[in-house]
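J.: Per this note's numbering, residue 2 is the first one in the sequence shown, and the count goes up by one each step.
Once you've had a glance at the structure underneath, I'll fire off some questions.
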Amino acid sequence: MARPSITTAAGRHFLTDRIRDEVDWYNTPQSSGIEPPPPQKPVPDGAPLIPLPRREAWQIPACDLADAIARRESRRTFLPAALTLDELAFLLWSSQGVRARLHGAAVLRTVPSAGCRHPLETYLAVLNVAPLSPGIYRYLPLDHALLLEQSPDQLEARLAAATRGQRFAAEAAVTFIWSAIPARTEWRYGEASYKVIALDAGHACQNLYLACQAIGAGTCAIAAYNQDLCDQLIGVDGDEEFAVYMAPVGKVTENLNQVGI
């Protein structure tokens, strides 16, 4: 067998945990006494927030976990039905909701994260969620609320372009777009941060898959996207914050004959 190329070797190295032996743990920002980054991006002064229904008020049917796991599959065909605000709130809580705030920048959420660093931000490309107007929103987990970031023209077309022509993203009721703020994890783990940031995104998306089963919805994770177009769509700089994962969500029928991943 031929030796792996430099690029292949670097990629395989990323999947191992050998980097942990190379980190200077005495000089990480945490060890240097630097304050950790906040667990949620700040909200502009005076920006109106859209409060989301809380767990005790949801009209979400009970869902058997074993059944949800057994029926989990990727769905790329959606009904033209809207999601309700209850349903969106449930999906957001399931994938990034806060269970408790411990102190400062440490929060317990509904998904695990290496060192409780939670580097993800959740953006929503909303197309059909009642009563929200179409646009790009950001979920504020500490407030359990939404912030309207922008209302771009031709949102469907921009979504399709950002996902390299995967039209089902533009046909969903809402597309979840997770960004990473690496500094949150780098504060503790330095150069060992990047694999665990990717793992954190996987935790969030799997919770979204299972939560969709409870509301008659489906999703399909997208890791093939145009980085620059996606970053522009959610309004991030592509360096200190950038998109890492996407998942369109919409209502589905149970008789779809699809091949899931």
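Using N, Cα and C, we set each Cβ at its ideal position, and we do this for glycine too.
1) Hey, quick one: how far does the alpha helix (DSSP H) through V197 stretch, first residue to last?
2) I want to know whether the region 123-138 touches the region 72-84 - three or more CB-CB distances under 8 Å.
3) In terms of alpha-carbon separation, which member of W188, G98 and P153 lies closest to P38?
4) On the DSSP bridge assignment, give the partners of S180 in chain order.
5) How long is the line joining the alpha carbons of Y190 and A244, rounded to whole angstroms?
6) Indicate, with yes or no, if the ligand FMN has a heavy atom lying under 8 Å from the CB of W94.
7) Hey, how far is the Cα of W59 from the Cα of E88?
8) Which residue marks the beginning of the alpha helix (DSSP H) containing R159, and which one marks its end?
9) Return helix, strand or coil for L147, following the three-state DSSP convention.
10) By the three-class DSSP mapping on this structure, what secondary structure does N258 have?
11) Mind the definition here: the region 64-75 touches the region 214-221 only if three or more C-beta pairs lie below 8 Å; say whether that holds.
12) State yes or no: is the C-beta of A163 within less than 9 Å of the C-beta of C231?
13) Can you give me the C-alpha to C-alpha distance between I35 and A199, rounded to a whole angstrom?
14) Would you call the region 157-172 in contact with the region 49-68, where contact means no fewer than 3 C-beta pairs closer than 8 Å?
15) Please report the straight-line C-alpha distance between F15 and G203, rounded to a whole angstrom.
16) For L223 and S180, what's the separation of their Cα atoms in angstroms?
17) Only counting the same chain, and skipping five residues up and downstream in sequence, which positions put a Cβ closer than 6 Å to that of G261?
18) Smallest Cα separation from F91: which of N208, H104 and N227?
19) Since I137 is in the beta strand (DSSP E), which residue starts that stretch and which ends it?
20) Alpha carbons only, please: which of N227, I7, P113 and Y138 is nearest the one belonging to R165?
21) Start and end of the beta strand (DSSP E) containing T29?
22) Using a Cβ-Cβ cutoff of less than 6 Å, which residues in the same chain neighbour P30 once the five nearest sequence positions on both sides are dropped?
23) Which class does A131 belong to by DSSP, given the choice of helix, strand or coil?
T.: With the given structure in hand:
1) Numbered from 1 along the sequence shown, position 196 holds the residue referred to as residue 197. Start and end: S194 to A215.
2) Result yes; three or more Cβ-Cβ pairs closer than 8 Å.
3) By one-based count along the sequence shown, residue 38 stands at place 37. The candidate whose alpha carbon is nearest that of P38 is W188.
4) Walking along the sequence shown from the start, residue 180 turns up at place 179. For S180, which the question treats as bridged, DSSP gives the partners E122 and A244.
5) Here residue 190 refers to the residue found at position 189 of the sequence shown. Here residue 244 refers to the residue found at position 243 of the sequence shown. Cα to Cα, the separation comes out at about 20 Å.
6) What this structure holds is no ligand at all, so the ligand FMN is not there to describe.
7) The residue labelled residue 59 in the question sits at position 58 within the sequence shown. The residue labelled residue 88 in the question sits at position 87 within the sequence shown. So the alpha carbons of these two residues sit roughly 8 Å apart.
8) Locating residue 159 in the sequence shown gives position 158, where the first residue counts as 1. Where R159 is concerned, the enclosing alpha helix (DSSP H) stretches over L156 to A163.
9) For the purposes of this step, residue 147 is taken as residue 146 along the sequence shown, with counting starting at 1. Three-state result, L147: strand.
10) Translated into positions along the sequence shown, residue 258 becomes position 257. At N258 the pLDDT is 39, less than 50, meaning the model places this residue with poor confidence and gives no usable figure here.
11) The answer is yes - the region 214-221 touches the region 64-75, with three or more Cβ pairs under 8 Å.
12) In the sequence shown, counting from the first residue as 1, residue 163 sits at position 162. In the sequence shown, counting from the first residue as 1, residue 231 sits at position 230. It is a contact, given that the beta carbons lie within the stated cut-off.
13) Mapped onto the sequence shown, residue 35 falls at position 34. Mapped onto the sequence shown, residue 199 falls at position 198. Near 24 Å, if we compare the C-alpha coordinates of A199 and I35.
14) Under the Cβ criterion (8 Å, minimum of three pairs), the region 157-172 does not count as touching the region 49-68.
15) Position 14 of the sequence shown, counting from 1, holds the residue named residue 15. Position 202 of the sequence shown, counting from 1, holds the residue named residue 203. C-alpha of F15 to C-alpha of G203: approximately 16 Å in a straight line.
16) On the sequence shown, residue 223 is found 222 positions in, with the first residue counted as 1. On the sequence shown, residue 180 is found 179 positions in, with the first residue counted as 1. What sits at residue 223 in the sequence shown is Ile, not Leu. In a straight line, the C-alpha of I223 is about 13 Å away from that of S180.
17) Your numbering for residue 261 matches position 260 in the sequence shown. In this prediction, G261 scores a pLDDT of 44, lower than 50, which makes its location untrustworthy; the coordinate-derived value is nonetheless stated afterwards. Excluding residues up to 5 positions away in sequence, E74 and S75 lie with their Cβ nearer than 6 Å to the Cβ of G261 in the same chain.
18) Within the sequence shown, the letter at position 90 stands for residue 91. With distances taken between Cα atoms, F91 lies closest to N208.
19) Here residue 137 is taken as the residue at index 136 of the sequence shown, counted from 1. G136 to L141 is the extent of the beta strand (DSSP E) around I137.
20) Mapped onto the sequence shown, residue 165 falls at position 164. It is N227.
21) On the sequence shown, residue 29 is found 28 positions in, with the first residue counted as 1. No beta strand (DSSP E) holds T29; DSSP gives it neither H nor E.
22) Position 29 of the sequence shown, counting from 1, holds the residue named residue 30. For P30, where only same-chain residues beyond five positions count, the Cβ hits under 6 Å are W188.
23) Position 130 of the sequence shown, counted from the first residue, corresponds to residue 131. In the three-state scheme derived from DSSP, where H, G and I count as helix and E and B as strand, A131 is classed as strand.
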